Amino acid sequence: MQKGKIIFLNGVSSSGKTTIERTLQEQLIEPFYWTSLDTFIGMMPVDKFEHPDGGPVFHNAISMVPHTAKAFSDMGLNTIVDHVLVNQIWMENCVELLHNYPVLFVHVTCPLEELRRREKERGDRNIGQAEGQLLQLCPQDKYDLIIDTFNSSKEECVNKIIELLDCPEKFTAFKTLWTQHKNM
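When you line the sequence shown up against the numbering used here, it's residues 1 to 184, in that order.
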């Protein structure tokens, strides 16, 4: 069975990942399922989230994201992953699990001032969260595609992704990151 494609959107909070995901689902001819870090965090028992570093329940929720994408792909189903890789170990776990899969790794970005504006406008974000995540985002480089949701329309961003979907030979970021990780 042919593995399903994985569009892996990585970017800080309020960068526009969910908007891009929804627009992709509307425009893609093939069905793409959506899996999100926020979905798994939302499944956690509320009282378990109070641990200073998130604790094991939080880390289990984080680890379910790439496993879910892998399961979809193994079933021949396409999926879009919405993640915030702010921890080197999270990134390495994703790369280790998915480096042999058809993963289009997309960095979703926008300027800091726009992130701040979006956080305030949305009203459901911790102010400063996106800014705090900027320096922690892993990797800082090594993407198949970088899209800027402020300087490009959502349609332009989505069209760039769709154009690359027919070129799996260009899905190299996870393979490169895997090779780097193995050689450390």
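Positions of the beta carbon are idealized from the N, C-alpha and C atoms, including for glycine.
Fair warning: this is a prediction, and the values are worked out from it, not measured in the lab.
Checklist entry - On the three-state DSSP scale, how would you describe Phe174? => result DSSP places Phe174 in helix when its eight states are reduced to three.
Next on the checklist: I'd like the list of long-range same chain contacts for Asn126, defined as Cβ closer than 6 Å, with 5 residues on each side in sequence excluded.
Outcome noted: Same-chain partners within the cutoff: there are none.
Item to check | Helix, strand or coil at Ile29 according to DSSP, with G and I counted as helix | outcome: Ile29 falls in the coil class under three-state DSSP.
Checklist entry - Under the three-state reduction of DSSP, which class applies to Ile161: helix, strand or coil? => result Taken through DSSP and simplified to helix, strand or coil, Ile161 comes out as helix.
Checklist entry - Between the region 74-90 and the region 147-159, do at least 3 Cβ pairs fall closer than 8 Å? => result The answer is no - the region 147-159 does not touch the region 74-90, with fewer than three Cβ pairs under 8 Å.
Checklist entry - Which residue spans inside the region 59-133 form an unbroken alpha helix (DSSP H) run of at least 4? => result Entirely contained in the region 59-133, the alpha helix (DSSP H) runs reaching 4 residues are, in chain order, 88-98, 112-122.
Next on the checklist: Among His59, Lys170, Glu155, Pro102, whose alpha-carbon lies nearest the alpha-carbon of Lys70?
Outcome noted: Residue Pro102 is the option with its Cα nearest to Lys70.
Checklist entry - Identify the residues that DSSP records as bridge partners of Ile6: which are they? => result According to DSSP, which records beta bridges pairwise, Ile6 is partnered with Thr79, Val103.
Next on the checklist: If I follow the unbroken alpha helix (DSSP H) through Leu37, where does it start and stop?
Outcome noted: That run of the alpha helix (DSSP H) goes 37-42.
Next on the checklist: Is it buried or exposed, Lys120, if we count other Cβ atoms within 10 angstroms and call 16 or more buried?
Outcome noted: It is exposed - the Cβ of Lys120 has fewer than 16 other Cβ atoms within 10 Å.
Item to check | Alpha carbon of Ile162 to alpha carbon of Cys138, nearest angstrom | outcome: Answer to the nearest angstrom: the Cα atoms are 24 Å apart.
Item to check | Three-way DSSP call (helix, strand, coil) for Leu135 in this model | outcome: It is coil, neither helix nor strand.
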